[in-house]
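A short write-up of the structure that comes next.
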Amino acid sequence: MVTAGDRIGRRVIVAWDGSPAASTAVPVARRIAGQLGAEVEALYVAHDAAEKEGWQAKLGAEAERLGVSVRLVTGEPSAEIVRATEREGVCLVALTMHGRDVGEKGHRLGRIAKKVIASTVRPVLLVKPEAAEGKEAGPVRRLLVPIDGTPKTAAALQPVTQLAHDLKASIDFLYVADPRQKPPLERGSITAPRYVDQPQHEWPEWANEVMRRLSEGCAGCPEDVEVRIYLGRGDAGEEITHFAREKGSDAIVLVRRSRFQPGRAKVIRAVLERTTSHVIIVGCGEEA
Numbered sequence: 388m389v390t391a392g393d394r395i396g397r398r399v400i401v402a403w404d405g406s407p408a409a410s411t412a413v414p415v416a417r418r419i420a421g422q423l424g425a426e427v428e429a430l431y432v433a434h435d436a437a438e439k440e441g442w443q444a445k446l447g448a449e450a451e452r453l454g455v456s457v458r459l460v461t462g463e464p465s466a467e468i469v470r471a472t473e474r475e476g477v478c479l480v481a482l483t484m485h486g487r488d489v490g491e492k493g494h495r496l497g498r499i500a501k502k503v504i505a506s507t508v509r510p511v512l513l514v515k516p517e518a519a520e521g522k523e524a525g526p527v528r529r530l531l532v533p534i535d536g537t538p539k540t541a542a543a544l545q546p547v548t549q550l551a552h553d554l555k556a557s558i559d560f561l562y563v564a565d566p567r568q569k570p571p572l573e574r575g576s577i578t579a580p581r582y583v584d585q586p587q588h589e590w591p592e593w594a595n596e597v598m599r600r601l602s603e604g605c606a607g608c609p610e611d612v613e614v615r616i617y618l619g620r621g622d623a624g625e626e627i628t629h630f631a632r633e634k635g636s637d638a639i640v641l642v643r644r645s646r647f648q649p650g651r652a653k654v655i656r657a658v659l660e661r662t663t664s665h666v667i668i669v670g671c672g673e674e675a
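Quick note, the sequence shown lines up with residues 388 to 675 if you use our numbering.
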């Protein structure tokens, strides 16, 4: 069935351009939407009226094939995707990281995906086509959430814990101590224990302080979300990717503190290049 207009209700939007790569995000979006009690709407953005007219006749068959409703609009893809996320009831937007062919590998975050992430206030689910192809989409029950110890990041975790509650998922918070990185300058930030490789010295006090800060930042969050805290050491991108693989994380949730300007969001870029896990990005505004 093709939607004729907006319907008020909880919804997951999945960006779809008719390509095999984009189609790999649909089963994942459907699985997560089922956990959230939401409907899925595939959004096709035609570049002009001629393309829209050409697709109009095909959408019924494509909607049946995808198993979701399909909405057709005209305009610039990233702008229209962001516009769609602003509609009432939208709780998540899903899209593939790059490309039109499933077999494409080694690509960084695509232009459209980058623009959507930088502009929307909704959580963005990123699916790697080559990782999702041919695999049955399973439930998301364990979220990995890297933290940097800053109050700004902690304050952005409320929607993350709410998402975990809605998914009936647990959260693994991971703080990676990178000896090459300078401590955060933001006032009130928590740095790693001095003896990272000897957690028995400072770990209990450090973990308790982190939990207290997270609780303050997530005031009003659901209390039924199971939370664990882990401490890693080394390159953040490598440690996050390794942890997700070793612990069987269903999705990595990354907090976006910038709008992907050159030189910014280095950890997010590193994780996206390395991981085969699904990634959910939430924003907390522009970096100071």
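Yeah, the Cβ is synthetic: ideal placement off N, Cα and C, and Gly gets one too. It should be emphasised that the depicted structure is a prediction, and the values quoted were computed from it without experimental measurement.
Coarse secondary structure for Ile577, derived from DSSP in three states: Here residue 577 corresponds to residue number 190 of the sequence shown, with the count starting at 1. Looking at Ile577 - three-state DSSP - the assignment turns out to be coil, as it is neither helix nor strand.
Close-in-space but distant-in-sequence residues of the same chain around Phe647 (CB under 6 Å, 5 per side omitted): Here residue 647 refers to the residue found at position 260 when the sequence shown is read from its first residue. Answer for Phe647: Lys501, Ala505, listed in chain order.
Reference Asp611, options Leu618, Gln549, Leu513, closest by Cα: Translated into the one-based positions of the sequence shown, residue 611 becomes position 224. The candidate whose alpha carbon is nearest that of Asp611 is Gln549.
Cut-off 8 Å between Cβ atoms - residues of its own chain near Gly635, not counting five sequence neighbours on either side: Reading the sequence shown from its first residue, position 248 is the one you call residue 635. The answer, listed in chain order, is Arg529.
Runs of alpha helix (DSSP H) lying entirely within the stretch 501 to 548, each at least 4 residues, in chain order: Fully enclosed alpha helix (DSSP H) runs of 4 or longer: 516 to 519, 538 to 542.
Three-state class that DSSP yields for Ala564 in the structure shown: Position 177 of the sequence shown, counted from the start, is the residue given in the question as residue 564. Strand, per DSSP.
Ala471 versus Asp622, Val563, His665, Val427, residue with shortest Cα-Cα distance: The residue you call residue 471 lines up with position 84 of the sequence shown. Looking at the Cα atoms, Val427 is the closest of the given residues.
Contact the stretch 408 to 421 vs the stretch 461 to 471: 3+ CB pairs below 8 Å: no
Closest Cα partner of Ala450 within the set Gly421, Ile558, Leu430, Ile577: Residue numbering aside, residue 450 sits at position 63 when the sequence shown is read from its first letter. Nearest C-alpha to Ala450: Leu430.
Three-pair Cβ contact test at 8 Å for the stretch 552 to 566 versus the stretch 428 to 448: With a cut-off of 8 Å, the stretch 428 to 448 and the stretch 552 to 566 do not count as touching, because too few Cβ pairs lie within range.
Contacts around Ile655, its chain only, beta-carbon distance under 6 Å, and the 5 residues preceding and following it disregarded: Taking the first residue of the sequence shown as 1, we reach residue 655 at position 268. If we look at Ile655 and ignore the five residues flanking it on each side, its Cβ neighbours are Leu641.
Close Cβ partners of Val460 (< 6 Å) along its chain, the five nearest in sequence each way excluded: Residue 460 sits at position 73 when you count from the first residue of the sequence shown. Hits under 6 Å: Val432, Glu467.
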